[in-house]
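In what follows, a structure is listed as structure tokens, so that the remarks can point back to it.
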Amino acid sequence: MPLIERSDYRAPWWLPGGHVQTIWPTLCRSVPGIAYEREALQLPDGDVLALDWLRAGRRRLVVLSHGLEGHSRRAYVMGMARAFRQAGWDALAWNFRDSGGMANRLPKFTTNHSSEDLAAVVDHAVAGGRYDRVVLVGFSMGGNLTLLYLGRHADAVPACVDGAVVFSVPVHAPSAGARLDHPVNALYRRRFLVGLGRRMARLNRSHPGLISLAGYGRIRTLAEFDDRFTAPLHGFASGADYWAACNSRPCLRRIRVPTLLVNAENDPILTPECFPTAEARESRWLFLETPSAGGHCGFTGGPGPSLWSEHRAVAFAEAADGAAATAAG
Numbered sequence: 016m017p018l019i020e021r022s023d024y025r026a027p028w029w030l031p032g033g034h035v036q037t038i039w040p041t042l043c044r045s046v047p048g049i050a051y052e053r054e055a056l057q058l059p060d061g062d063v064l065a066l067d068w069l070r071a072g073r074r075r076l077v078v079l080s081h082g083l084e085g086h087s088r089r090a091y092v093m094g095m096a097r098a099f100r101q102a103g104w105d106a107l108a109w110n111f112r113d114s115g116g117m118a119n120r121l122p123k124f125t126t127n128h129s130s131e132d133l134a135a136v137v138d139h140a141v142a143g144g145r146y147d148r149v150v151l152v153g154f155s156m157g158g159n160l161t162l163l164y165l166g167r168h169a170d171a172v173p174a175c176v177d178g179a180v181v182f183s184v185p186v187h188a189p190s191a192g193a194r195l196d197h198p199v200n201a202l203y204r205r206r207f208l209v210g211l212g213r214r215m216a217r218l219n220r221s222h223p224g225l226i227s228l229a230g231y232g233r234i235r236t237l238a239e240f241d242d243r244f245t246a247p248l249h250g251f252a253s254g255a256d257y258w259a260a261c262n263s264r265p266c267l268r269r270i271r272v273p274t275l276l277v278n279a280e281n282d283p284i285l286t287p288e289c290f291p292t293a294e295a296r297e298s299r300w301l302f303l304e305t306p307s308a309g310g311h312c313g314f315t316g317g318p319g320p321s322l323w324s325e326h327r328a329v330a331f332a333e334a335a336d337g338a339a340a341t342a343a344g
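Here the working numbering is used: the first residue of the sequence shown is 16, the next is one more, and so on.
Right, dumping it as structure tokens:
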């Protein structure tokens, strides 16, 4: 019954509420001293991904998956990479298609459904037996992709992948998408729509005539955006069809790797359906931790400049090898 009833996370007293706890580290945190080594990964369909490595010849690797409209140089990604490096791990932060400053070649993107992109990254990272242990860490959309990958591709996950930690994951994508479109979340939604608009403008330049940007400024919700762009570009009948396909909650029972899901109760984007208590109670592999605070990918608080989430992820990763042996037995 891997249900963690009492989380040890406590938000600082001066950061009240889920919105403030979400926004503060985004606006006020920097992570100096991260010098990635860039690699271009050619995908089977002809597209390309930007991989950013922190390598020191270790035999353990963490693979980091960022969130919607993020990239490898976001503070939450670099902070996690730094925490694992200090604990004796190599780190690989991959950028979604058309992210991280590398233009994609095809008229498609890494969506909340694209677990095959993460599969390609993992397969590339472990090729040649470079690593004895690999742990996956994902944030929000990147966490959803991690869960989809571990569930959908359970029979193809390399044996060296023996742990995962994901934060602030909308495991029930339809309800979380509707919550994000609620007026109370207008700040986040506008930010996403601006970034997605830039992405569509790049697509319009590289593939003239494929889409129309007329009236883009009148789009007010992500549901409208997904109906107009995401669904037709990626073979879905509608935005609702796309969000149903992104739903990782049905995959949780198929996961066979020790996996920690941390969703804060005051996350402004998550709905009650995003807290898979029943699945965690029934599973030997899925650990659910639901601190009362933390916001969405916030979790400010920890020794020094680190976030609590970074210490939590490293601690779980260090213990995951033993957890796998226990669960398998």
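Where a beta carbon is used, it is the ideal one built from N, C-alpha and C, also for glycine.
Buried/exposed call for residue i, threshold 16 Cβ in 10 Å
| i | result |
| --- | --- |
| residue 133 | buried |
| residue 227 | exposed |
| residue 115 | buried |
| residue 75 | buried |
| residue 209 | exposed |
| residue 43 | exposed |
| residue 167 | buried |
| residue 213 | exposed |
| residue 109 | buried |
| residue 113 | buried |
| residue 202 | exposed |
| residue 37 | buried |
| residue 27 | exposed |
| residue 140 | buried |
Nonlocal neighbours in the same chain, by C-beta distance under 6 Å from residue i, ignoring five residues either side
| i | result |
| --- | --- |
| residue 54 | 66 |
| residue 332 | 150, 178 |
| residue 288 | 187, 190 |
| residue 257 | 241, 245, 246, 251 |
| residue 111 | 125 |
| residue 69 | 96, 100, 106 |
| residue 280 | 305, 307 |
| residue 7 | Here the chain comprises residues numbered 16 to 344, so residue 7 is not present and cannot be evaluated. |
Straight-line gap, residue i to residue j (C-alpha atoms, nearest Å)
| i | j | result |
| --- | --- | --- |
| residue 157 | residue 229 | 30 Å |
| residue 171 | residue 233 | 43 Å |
| residue 105 | residue 73 | 6 Å |
| residue 52 | residue 103 | 17 Å |
| residue 241 | residue 215 | 12 Å |
| residue 316 | residue 295 | 26 Å |
| residue 252 | residue 330 | 42 Å |
| residue 142 | residue 197 | 44 Å |
| residue 405 | residue 87 | It is not possible to answer for residue 405, since the shown part of the chain is limited to 16 through 344. |
| residue 200 | residue 286 | 13 Å |
| residue 34 | residue 144 | 43 Å |
| residue 192 | residue 120 | 28 Å |
| residue 165 | residue 79 | 14 Å |
| residue 262 | residue 49 | 33 Å |
| residue 255 | residue 266 | 19 Å |
| residue 248 | residue 122 | 7 Å |
CB of residue i within 8 Å of CB of residue j, strictly
| i | j | result |
| --- | --- | --- |
| residue 302 | residue 19 | yes |
| residue 63 | residue 81 | no |
| residue 322 | residue 31 | no |
| residue 97 | residue 46 | yes |
| residue 169 | residue 271 | yes |
| residue 138 | residue 175 | no |
| residue 311 | residue 282 | yes |
| residue 219 | residue 184 | no |
| residue 13 | residue 204 | This structure cannot settle anything about residue 13, because the visible part of the chain is limited to 16 through 344. |
| residue 162 | residue 181 | yes |
Neighbourhood of residue i by C-beta distance below 8 Å, restricted to the same chain and skipping five residues each side
| i | result |
| --- | --- |
| residue 83 | 127, 155, 156, 207 |
Own chain, CB closer than 7 Å to residue i, minus 5 neighbours either side, in chain order
| i | result |
| --- | --- |
| residue 278 | 183, 184, 285, 289, 290, 305 |
Item to complete: Enumerate, from N- to C-terminal direction, the unbroken alpha helix (DSSP H) stretches of 4 or more residues contained entirely within the segment 273-309.
Response: Counting whole runs of 4 or more residues, the segment 273-309 contains the alpha helix (DSSP H) stretches 292-297.
Worksheet entry | 4 or more residues per run - each alpha helix (DSSP H) lying fully within the segment 243-271 | Here the runs fully enclosed are 254-260.
Worksheet entry | Segments assigned alpha helix (DSSP H), at least 4 residues, entirely inside the segment 23-86 | 33-43
Worksheet item: Curious, which full-length alpha helix (DSSP H) runs of at least 4 residues does the segment 128-187 contain?
Response: 130-141, 156-167
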